[in-house]
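Per our numbering, the very first residue in the sequence shown carries number 858; after that it's consecutive. Where a beta carbon is used, it is the ideal one built from N, C-alpha and C, also for glycine. Reading through the structure tokens given below for one structure.
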Amino acid sequence: MESRIKVGFIGLGRMGLNMVSRIMETGMADLVVYNRSPEPVKIVEEMGATGASSIEDLVEKLDCKQRKIWLMLPAGEITSKVFNSLLKLLNKGDIIIDGGNSNFHETLKRHEQARIAGIKMLDAGVSGGVVAAKRGYPVMVGGDEETYNEIEKLIKLFSLDGGYKLVGGPGAGHYVKMVHNAIEYGMMQAIGEGFELLADGSYKNLDLKEIADLWNHGTIISGFLMEMVGNAFAKRPMLEGIEPWAADSGEGRWASIEAVENGVPFLVNTLALQNRFSSQKKENGLGLKLVSAMRNEFGAHPIREKT
Ligand SMILES: NC(=O)c1ccc[n+]([C@@H]2O[C@H](COP(=O)([O-])OP(=O)(O)OC[C@H]3O[C@@H](n4cnc5c(N)ncnc54)[C@H](OP(=O)(O)O)[C@@H]3O)[C@@H](O)[C@H]2O)c1
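Structure (structure tokens):
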């Protein structure tokens, strides 16, 4: 029988809380958890984990030879702050795993900081969204093999069979996750456009939910996203009440910049990102207002006034 693993977990948000719940369900890990707000800590304590009141408290309660701490925090400043605190508190040979969607350039710097401090580090891109709470999380890991082997047992507890791997050296986990997310932008844009044509094209009143369900039976474009399309249309047949507005969360931008820097064609994914920018500017975008104003100036074409 596999032995248990003791791990610290920081960040019990939408991802972290579900991941921790999956781990606790296996009964194979002793978790010490910390979250900025105390409510999620209480929930996980009820599952049998040990709650910590601060990062210092978490480190103290991880009374094992090699501490292993998983971070599931927003990328950027918040991850940096917690990571820097941990570097001061941990002993040589302890492991930090950054499971958030950090920019791989920042990740590379953190690997270097960790190396200088004698701390081991892995970067892990976790996919699957909140839906993976039930199915298991795909995980792409970057770092060295020895450290990966020390943590694989934990990853196994919340991921999918065959859905986790050491994909490369330091930063590679976050790099692969960044490209994955950029592809996600392109695929979602393609699906969105297709359904818009179904709705506004020559054939009126097509049942979009039924088509999504049909397409999800063995077609070339079947899959996870098509399933989400079916779910969305089941809730709102014409997506009533949803603004045509889409946020972008970083990875799409980083991937497009990376593609430019390497001279790699990245047409579809970059356009999908640009379309999200357009959606965010829809109400106040100066550019389109100016297009309308110029047409009016040179051709007296009518302007649509805001009501
Ligand atoms: N959601 C997804 O579908 C998804 C998928 C893959 C990867 N990710 C990545 O996973 C990471 C976590 O995402 P999430 O969706 O779980 O985020 P989330 O639901 O917004 O949770 C964020 C977590 O960070 C904590 N936090 C926020 N600000 C903090 C601060 N100033 N100091 C300390 N802790 C702070 C929150 O604590 P409180 O509870 O106190 O607010 C919470 O535990 C991110 O890097 C995200 O990009 C997300």
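Given a cut-off of 8 Å, decide if residue j and residue i are closer than it, judged by their beta-carbon atoms.
i	j	result
residue 874	residue 912	no
residue 1028	residue 961	yes
residue 926	residue 865	yes
residue 1140	residue 958	no
residue 1127	residue 1149	no
residue 879	residue 1014	yes
residue 1116	residue 1123	yes
residue 952	residue 1009	no
residue 1031	residue 964	yes
Give the straight-line distance between the Cα atoms of residue i and residue j, rounded to the nearest whole angstrom.
i	j	result
residue 1065	residue 1096	10 Å
residue 885	residue 1012	12 Å
residue 1167	residue 991	The chain is shown only over 858 to 1164; residue 1167 falls outside these bounds and no answer can be derived.
residue 1019	residue 1041	20 Å
residue 906	residue 935	24 Å
residue 889	residue 877	10 Å
residue 802	residue 946	Nothing about residue 802 can be read from this structure; the chain reaches only from 858 to 1164.
residue 1156	residue 1077	46 Å
residue 1134	residue 922	48 Å
residue 929	residue 872	7 Å
residue 994	residue 1101	29 Å
residue 904	residue 859	21 Å
residue 893	residue 1060	52 Å
residue 1094	residue 1142	29 Å
residue 1055	residue 1119	37 Å
residue 943	residue 986	26 Å
residue 1098	residue 1049	16 Å
residue 1080	residue 1073	6 Å
residue 1039	residue 1125	9 Å
At a cut-off of 7 Å, would you count residue i as near ligand 1, judging by its Cβ distance to the nearest heavy atom?
i	result
residue 926	no
residue 1035	no
residue 1197	Residue 1197 is absent from the model: the chain starts at 858 and stops at 1164.
residue 931	yes
residue 911	no
residue 893	yes
residue 1082	no
residue 1017	no
residue 819	An answer regarding residue 819 cannot be provided, because it is not within the stretch 858 to 1164 covered by the chain.
residue 987	yes
residue 935	yes
residue 995	no
residue 960	no
residue 908	no
residue 897	yes
residue 868	yes
residue 916	no
residue 1149	no
residue 957	yes
Note down, in chain order, each residue of its chain lying with its Cβ closer than 6 Å to the Cβ of residue i, except the 5 sequence neighbours on either side.
i	result
residue 996	981, 983, 1012, 1016, 1021
residue 971	978
residue 918	889, 907, 909
residue 1111	960, 1035
residue 863	887, 921
Once you ignore the five residues that flank residue i on each side, which residues in its own chain have a CB closer than 7 Å to its CB?
i	result
residue 1044	1082
residue 1033	982, 997, 1024
residue 902	908
Rounded to the nearest angstrom, how far is the Cβ of residue i from that of residue j, given a contact under 8 Å?
i	j	result
residue 1000	residue 978	6 Å
residue 1136	residue 1089	Actually they do not touch by this definition, with Cβ atoms about 16 Å apart.
CB-CB under 8 Å to residue i, same chain, minus the five flanking residues each way: which ones, in chain order?
i	result
residue 914	891
Does any CB atom of chain B fall closer than 8 Å to the CB of residue i?
i	result
residue 984	Included in the structure is just one protein chain, with no chain B present.
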